[in-house]
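A.B. asks: Residue numbers (this note's numbering): 124 to 281.
Structure, rendered in structure tokens:
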């Protein structure tokens, strides 16, 4: 008799627990909306910029630290050009989930690449020497995320 009640209990338990095995599908549109960047999310930052009040001041401080770090490296490691150049290039920096910088994309013209063959390598080194930042935070899920930053650079050589 006891085995019968145990069997009935096990069967009822299995049927009542079936909803635990159902998969929940989240529409891709909802995932895209939740993962897209919003004004509430926090971009990457340096500790030195925390004292500024406005978002614009913090952004200016952040960009200034990046620019100055790259310029300081290039000033100490002068590049030689085989011809006179005045062009703008764009590089895309990646700031990973730990706040480290790397050169994600380099968009130099063939003219610049021929005149200054080591430019890309030197920029990779300069970017790797940018101080570690506080990574960006996706606030709706409370997690650190990687971000990218477009940085235009004017190359002038004589």
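For each residue, glycine too, the CB sits at the ideal point set by N, CA and C.
From a predicted model like this one, the values you see are computed outputs, not experimental measurements.
Provide the residue(s) that pair with residue 209 in DSSP beta bridges, ordered along the chain.
C.D. replies: If you number the chain shown from 1, residue 209 lands on position 86. The partner list for residue 209 (beta bridge, DSSP) reads 279.
A.B. asks: Given 8 Å as the limit, is there contact between the region 200-213 and the region 232-242, that is, 3 or more CB pairs closer than that?
C.D. replies: The region 200-213 is in contact with the region 232-242.
A.B. asks: Which whole runs of the alpha helix (DSSP H) in the region 179-209 are 4 residues long or more, in chain order?
C.D. replies: Qualifying alpha helix (DSSP H) stretches: none in this window.
A.B. asks: Is residue 245 helix, strand or coil when you go by DSSP?
C.D. replies: Sequence index remark: in the chain shown, residue 245 carries index 122 (1-based). Helix, per DSSP.
A.B. asks: Are residue 223 and residue 246 close, meaning C-beta to C-beta below 8 Å?
C.D. replies: The count along the chain shown starts at 1 and reaches residue 223 at position 100. The count along the chain shown starts at 1 and reaches residue 246 at position 123. It is not a contact, given that the beta carbons lie outside the stated cut-off.
A.B. asks: Would you check if the distance between the CB atom of residue 267 and the CB atom of residue 217 is smaller than 8 Å?
C.D. replies: One-based indexing of the chain shown puts residue 267 at position 144. One-based indexing of the chain shown puts residue 217 at position 94. Contact flag unset, no.
A.B. asks: By the three-class DSSP mapping on this structure, what secondary structure does residue 235 have?
C.D. replies: Looking up residue 235 in the chain shown gives position 112. It is helical.
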